[in-house]
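Asker:
Numbering (UniProt numbering), first residue to last: 1 to 143.
Below, the structure written as structure tokens:
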């Protein structure tokens, strides 16, 4: 009977595997244009976020309930137009190695872009015989 009143016995947290059974983070909040998946809110639990079509998820797609009873930072869903933009490799990662695969844009916002990714080497049709960074075509989210 005592365990039914207080599952931990003395109000301290008890653990089942990686989950605390006496402290949870409560229902995780979500943007109006997003969804959160997961109904386990105990310490150690993880929930997953997605956005409606036409919205861009900014931040981590997951949140975890921490031992202090708070969720890790919430991602946001931004309405973004998408386009493409030409950037130089030096703007992508500060080097020039003639490939654009798996690089993220860390430079200042360019032509209103809030996020630049999925970059591909631009085919120029002629060979460059001098030191110059190869241009890339990147997907661009416009704010």
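C-beta: ideal position from N, C-alpha, C; glycine also. Bear in mind that the values here come from a model prediction, so they are computed numbers and not experimental data.
Out of 79, 69, 91 and 46, which has the shortest C-alpha to C-alpha gap to residue 34?
Answerer: If we check each option's Cα against that of residue 34, 79 comes out closest.
Asker: Compare the Cα-Cα distances from residue 134 to each of 116, 23, 93 and 106 and report the closest residue.
Answerer: The candidate whose alpha carbon is nearest that of residue 134 is 93.
Asker: When you compare the CB of residue 63 with every CB in chain E, is at least one pair closer than 8 Å?
Answerer: Among the protein chains of the structure shown there is no chain E, as only one such chain exists.
Asker: Taking residue 66 as the reference, give the member of 54, 43 and 136 with the closest Cα.
Answerer: The residue with the shortest Cα to Cα distance from residue 66 is 43.
Asker: If contacts are defined as beta-carbon pairs under 8 Å, then residue 69 and residue 25 qualify, I think. What distance do you get, rounded to the angstrom?
Answerer: Contact flag correct, Cβ pair sits at about 6 Å.
Asker: So, under 8 Å CB-CB, residue 138 and residue 117 are touching, yes? Tell me the CB distance rounded to an integer number of Å.
Answerer: That pair is a contact at about 7 Å.
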